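Novice: The structure under discussion is supplied below as structure tokens; questions concerning it will follow.
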Amino acid sequence: MNYASPAPPPPAAIHADHLTVVRGPRSVLHDLSFTVPPGRITGLLGPSGCGKSTLMRAVAGTQAKVTGTLDVLGRPAGHPALRTRVGYVTQAPSVYADLTVRQNLAYFAAVLDPGRAAADRRRANITRAITDVDLTTHADAPAGSLSGGQRSRVSLAVALLGTPELLVLDEPTVGLDPVLRRDLWQLFHDLAATRGTTLLVSSHVMDEAERCDRLLLMREGAILADDTPEALRTRTGTETVEAAFLHLVDAATTAARTEANVKERTR
Amino acid sequence: MNPTTAPRPAAALSPARALATATRVLRQLRHDPRTIALMIAVPCLMLVILRYVFDSGPHTFDTLGASLLGIFPLITMFLVTSIATLRERTSGTLERLLALPLGKADLIAGYALAFGAFAVLQSVLATGLSVWLLGLDVMGSPWLLLLVALLDALLGTALGLFVSAFAASEFQAVQFMPAVIFPQLLLCGLFTPRSTMHPVLRALSDVLPMSYAVDAMTQLLHHRDPTAAFARDALIVTGCALLVLTLGAATLRRRTP
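Structure follows, in structure tokens:
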């Protein structure tokens, strides 16, 4: 006999409540509240300059002037204990151009998992990360001599080193050809399925949205929608996520205009 | 976020991470043999030229040469560190490193170790060349000469790290060389004893660290055994280097706007 209540839903990988970020004189993110489920791929979509990167930096713990609640894997974002558990890849590849792919990875691996005792584990992790991003043939080439797409894959490989529980990827597929893009998305799905990794992936290419389990649509520092791609299409009565997004943007713009008109009239 | 649960970054030094950083910096240098050659050869060449500029007055070479043995490592390390740290900041690798479990002390110690090792090589060659081939006549021990050169290199690393926070580009970083180093060069007593300067300039030279680097070298020039004044000068240079390193560490921010 089993009296146990059904298992509680797994805690959110990211939980934001009244999250606001100020950069310089203006606020870039206004009062965001959302959750990101664990073990899934959540797409963060929206036009350039809508605050995607700022949100990702806040999650990674590198953004200053963050107010409100932002919990990542059960701890406040930026907590020292999260530094080995969260992998963060910036939009511009952040690796040493004058080191080879393997030397880059060797350094970051030694920072993540230092000590001579861990040398074998590090070597295995490095080889796996290079294989994951399909750069085995370029492992001994200086990162600076690689193409833009290859260099961003080196940057991604660094984030894969420590087997992080959460991967925050800022536009990881920009500048990649369709074959590589498909392969990387395959890798993202594998990571979620086999390692239980949570992925937060930003993009402004709407066809990538279809590959995500959940979507956060952003516009001008606010979240327009937080749903599955299918639910979004159904709710807006559209065929594609792109059409759904445009529908929501138009609705938001009209609402904002009406509000402004009402204010104007009541003044 | 809630300030009561806001974590404090660990300040403790991890030797393994500092060593890994030093290895990485040296590997980067190894990919750039021209920089290595310039760092090693230029000070030696300058000393050779200086020796023959004062061909008829070897005593002048003793004074200037000893001082320059302290000044070269400072300038070289200042330049190399300010550019290297600036590159680290602008390439995004600094942000990435600070999002990883790397302490600021690890990073700074890594740079200091790598460039310190380089400064030892540079100083051994320059000191050896001056003392044995160019006939530099120093009363004190060449080992102490090397020690001061190392402390000066540390000071240069510290200053370079600190100013890199205020430079937005390599152009600006290079301009900090004349801004930070030249005034010290003029006031450190290299050209004329500090006691003969205008009182205002003399007071100014009293608060600039390079003055003590040169004073320490001058002490070694004239005394067989380390004097109290030498110990004081060496301590001041060390203290300044540590102070500026701490200030430099404060410019490394985990969270940036």
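Sequences listed follow chains A and B, in order.
Under the UniProt record's numbering, residues 1 to 267 are what the first sequence spells out, in order.
Under the UniProt record's numbering, residues 1 to 257 are what the second sequence spells out, in order.
Backbone N, C-alpha and C fix where the C-beta goes; we use that ideal spot for every residue, glycine too.
These figures come from a predicted structure and were not determined experimentally.
1. Where does the unbroken beta strand (DSSP E) through H15 (chain A) begin, and where does it stop?
2. Could you run through the stretch 72-95 of chain B and flag, in chain order, every residue whose CB is less than 7 Å away from some CB of chain A?
3. Run down chain A in chain order and give the residues with a C-beta less than 8 Å from the C-beta of A37 (chain B).
4. Could you give the DSSP three-state label for A12 (chain B): helix, strand or coil?
5. In terms of DSSP beta bridges, what is G43 (chain A) paired with?
6. So, at 6 Å on beta carbons, what are the nonlocal neighbours of G160 (chain B) in its own chain, with the 5 sequence-adjacent residues on each side left out?
7. Does the stretch 50-70 of chain A come into contact with the stretch 10-28 of chain A, if we say contact requires no fewer than three beta-carbon pairs (one atom in each stretch) closer than 8 Å?
8. Do you know how far the Cα of K263 (chain A) is from the Cα of A64 (chain A)?
9. Grab me the residues of M39 (chain B)'s own chain with a C-beta within less than 8 Å of its C-beta, minus the 5 sequence neighbours each way, in chain order.
10. Return no unless some Cβ of chain A is closer than 9 Å to the Cβ of G248 (chain B).
11. To the nearest whole angstrom, what separates the beta carbons of L215 (chain A) and V241 (chain A), a pair I think is in contact under 8 Å?
12. In whole angstroms, what is the alpha-carbon distance linking R253 (chain B) and T246 (chain B)?
13. Short check: CB of L19 (chain B) to CB of L145 (chain B), under 9 Å?
14. Would you list, in chain order, the members of the stretch 181-195 of chain A that have their beta-carbon closer than 8 Å to a beta-carbon of chain B?
15. What span of residues does the beta strand (DSSP E) with F34 (chain A) cover, start to end?
16. Count the other CB atoms within 10 Å of the CB of D55 (chain B); is the residue buried (16 or more) or exposed (fewer)?
17. Note down, in chain order, every chain B residue with its Cβ under 8 Å from the Cβ of R23 (chain A).
18. Work out the CA separation of A234 (chain B) and L151 (chain B) for me, nearest whole Å.
19. Pick out whichever of B:A241, B:A16, B:T127, B:L98 has its Cα sitting closest to the Cα of P80 (chain A).
20. Is it a yes or a no for the stretch 116-127 of chain A touching the stretch 74-91 of chain A, going by three-plus beta-carbon pairs under 8 Å?
21. Counting only beta-carbon separations shorter than 9 Å, does D120 (chain A) have a partner in chain B?
22. Answer with yes or no whether the minimum CB distance from S14 (chain B) to chain A is below 9 Å.
23. What residues match up with Y88 (chain A) in a beta bridge as DSSP calls it?
24. Listed in chain order, which residues of the stretch 43-73 of chain B have Cβ atoms closer than 9 Å to some Cβ of chain A?
25. Write down the C-beta distance between L217 (chain A) and I223 (chain A) rounded to the nearest angstrom, noting that I regard them as a contact closer than 8 Å.
26. Is S205 (chain B) near the ligand HEM, in the sense that its beta carbon is under 8 Å from a heavy atom of that ligand?
27. Consult DSSP for T258 (chain A) and reduce its assignment to one of helix, strand or coil.
28. Assign V163 (chain B) to buried or exposed, taking buried as 16 or more other Cβ atoms, counted over all protein chains shown, within 10 Å of its Cβ.
29. For the 8 Å Cβ check, are there 3 or more pairs between the stretch 85-101 of chain A and the stretch 139-157 of chain A?
30. Would you tell me roughly how many angstroms separate the C-alpha atoms of G61 (chain A) and I49 (chain B), rounded to the nearest one?
31. What residues in its chain sit with their C-beta under 6 Å from that of T258 (chain A), if we drop five residues either side in the sequence?
32. According to the Cβ coordinates, are residue 272 (chain A) and L191 (chain A) closer than 9 Å?
33. When you check each C-beta in the stretch 160-178 of chain B against every C-beta of chain A, which residues fall closer than 8 Å?
34. Going by CA-CA distance only, name the one from A:A225, A:E239, A:E230 that's closest to A251 (chain A).
Specialist: The short version:
1. Locating residue 15 (chain A) in the first sequence gives position 15, counting from the first residue. If you look at H15 (chain A), you'll find it in the beta strand (DSSP E) that goes 14-23.
2. Answer set for the stretch 72-95 of chain B: S91, G92, T93, E95.
3. Sequence index remark: in the second sequence, residue 37 (chain B) carries index 37 (1-based). Simply none; closest approach about 16 Å.
4. For the purposes of this step, residue 12 (chain B) is identified with residue 12 of the second sequence, where counting begins at 1. In the three-state scheme derived from DSSP, where H, G and I count as helix and E and B as strand, A12 (chain B) is classed as coil.
5. Within the first sequence, residue 43 (chain A) is the residue found at index 43, counting from 1. For G43 (chain A), which the question treats as bridged, DSSP gives the partners A:V201, A:L215.
6. Translated into positions along the second sequence, residue 160 (chain B) becomes position 160. If we look at G160 (chain B) and ignore the five residues flanking it on each side, its Cβ neighbours are F78, T81, S82.
7. The stretch 50-70 of chain A, when compared against the stretch 10-28 of chain A, does touch it at the 8 Å Cβ threshold.
8. Walking along the first sequence from the start, residue 64 (chain A) turns up at place 64. Walking along the first sequence from the start, residue 263 (chain A) turns up at place 263. One C-alpha to the other measures close to 34 Å.
9. Locating residue 39 (chain B) in the second sequence gives position 39, where the first residue counts as 1. Only T76, V80, F118, Q122 meet the Cβ criterion.
10. Residue numbering aside, residue 248 (chain B) sits at position 248 when the second sequence is read from its first letter. At a cut-off of 9 Å, the C-beta of G248 (chain B) has no neighbouring C-beta in chain A.
11. As a position in the first sequence, residue 215 (chain A) is number 215, starting the count at 1. As a position in the first sequence, residue 241 (chain A) is number 241, starting the count at 1. Right, the Cβ-Cβ distance comes to about 7 Å (below 8 Å), so this counts as a contact.
12. By 1-based counting over the second sequence, the position of residue 253 (chain B) is 253. By 1-based counting over the second sequence, the position of residue 246 (chain B) is 246. Going from the Cα of R253 (chain B) to the Cα of T246 (chain B) covers about 13 Å.
13. For the purposes of this step, residue 19 (chain B) is taken as the residue at position 19 of the second sequence. For the purposes of this step, residue 145 (chain B) is taken as the residue at position 145 of the second sequence. Between L19 (chain B) and L145 (chain B), the gap from beta carbon to beta carbon reaches 9 Å or more.
14. For the stretch 181-195 of chain A, which is checked against every Cβ of chain B, not one residue is closer than 8 Å.
15. Locating residue 34 (chain A) in the first sequence gives position 34, counting from the first residue. Bounds of the beta strand (DSSP E) holding F34 (chain A) are 26-36.
16. Start at 1 with the first residue of the second sequence, and residue 55 (chain B) comes out as number 55. The residue is exposed, with fewer than 16 neighbouring Cβ atoms inside 10 Å.
17. Position 23 of the first sequence, counted from the first residue, corresponds to residue 23 (chain A). Result: P257.
18. On the second sequence, position 151 is the one that residue 151 (chain B) refers to. On the second sequence, position 234 is the one that residue 234 (chain B) refers to. About 8 Å.
19. Residue numbering aside, residue 80 (chain A) sits at position 80 when the first sequence is read from its first letter. Here the closest residue by C-alpha is B:L98.
20. No, they do not touch.
21. On the first sequence, position 120 is the one that residue 120 (chain A) refers to. So no, D120 (chain A) is outside the interface.
22. On the second sequence, residue 14 (chain B) is found 14 positions in, with the first residue counted as 1. Chain A, which has a Cβ nearer than 9 Å to the Cβ of S14 (chain B), makes this yes.
23. Sequence index remark: in the first sequence, residue 88 (chain A) carries index 88 (1-based). Answer is A:V168.
24. Residues: none.
25. Along the first sequence, read from residue 1 onward, the residue named residue 217 (chain A) stands at position 217. Along the first sequence, read from residue 1 onward, the residue named residue 223 (chain A) stands at position 223. Confirmed, about 7 Å.
26. For the structure depicted, the ligand HEM is absent and the ligand set is empty, with no information on it obtainable.
27. Against the first sequence, residue 258 (chain A) aligns to sequence position 258. T258 (chain A) falls in the helix class under three-state DSSP.
28. Within the second sequence, residue 163 (chain B) is the residue found at index 163, counting from 1. By the neighbour-count definition (other C-beta atoms within 10 Å, threshold 16), V163 (chain B) is a buried residue.
29. Touching, yes, given that three or more Cβ pairs across the two stretches are closer than 8 Å.
30. Stepping through the first sequence from its first residue, residue 61 (chain A) is reached at position 61. Stepping through the second sequence from its first residue, residue 49 (chain B) is reached at position 49. When rounded, the distance between both Cα atoms is 53 Å.
31. Start at 1 with the first residue of the first sequence, and residue 258 (chain A) comes out as number 258. Cβ neighbours of T258 (chain A) beyond the five flanking positions: none.
32. Because chain A is modelled from 1 through 267, residue 272 (chain A) falls outside the range shown and cannot be assessed.
33. When CB distances to chain A are screened at a threshold of 8 Å, not a single residue of the stretch 160-178 of chain B falls below it.
34. Sequence index remark: in the first sequence, residue 251 (chain A) carries index 251 (1-based). With respect to the C-alpha of A251 (chain A), the residue from A:A225, A:E239, A:E230 having the closest C-alpha is A:A225.
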